[in-house]
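Numbering (the working numbering), first residue to last: 40 to 213.
Glycine residues also receive a C-beta, built at the ideal position from the N, C-alpha and C atoms.
Set out below in structure tokens:
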């Protein structure tokens with residue numbers, strides 16, 4: 040007789056999703072809190088502003104709650120969440136670009152950035168920036184990045200290579 044192996048992480052995700060559907064967002068907040076450093080780094084690499092990052096987290100929570108029924112494969116909850124987070128960051132940037140005509144935006148210096156890494160990474164095309172941030176700032180594997188961005192792993196590898204090449208050029212210009 041063969042025993043069925045139970046994946047604890049899978050059970051936690053199922054319970055998390057069930058609670059989100061019931062409107063118990065405290066559980067979602069706890070899940071985020073356990074991953075806050077990783078998620079914060081992703082949002083920070085786009086926005087450079089604590090208030091904007093906090094706004095994006097709130098918007099992401101709302102989107103997750105409103106769209107949780109659209110998640111078909113529960114095991115991909117984290118990658119789905121990150122995709123929403125990245126999209127919210129991009130929307131915030133688009134809004135910011137519209138506002139830039141009205142006033143100049145100043146970036147907070149919350150993170151030590153002696154080499155202007157965050158500024159240089161923001162100069163990259165989005166397709167390169169996304170993979171660099173997910174790989175080197177949030178420490179996702181290439182396979183996980185492929186799932187998060189819903190692109191083939193070969194594309195992830197080539198974007199990392201080309202993104203790093205462009206980043207080196209930008210960093211040498213200083």
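Helix, strand or coil, according to DSSP, for residue i in the structure here?
i	result
residue 79	helix
residue 189	coil
residue 88	coil
residue 169	helix
residue 93	helix
residue 180	coil
residue 74	coil
Less than 8 Å separating the beta-carbons of residue i and residue j?
i	j	result
residue 202	residue 162	no
residue 95	residue 131	yes
residue 181	residue 190	no
residue 77	residue 185	no
residue 210	residue 165	no
residue 92	residue 79	yes
residue 112	residue 52	no
residue 107	residue 75	no
Exercise. What are the start and end residues of each continuous alpha helix (DSSP H) run of 4 or more residues lying completely inside the region 107-138, in chain order?
Worked result: 116-138
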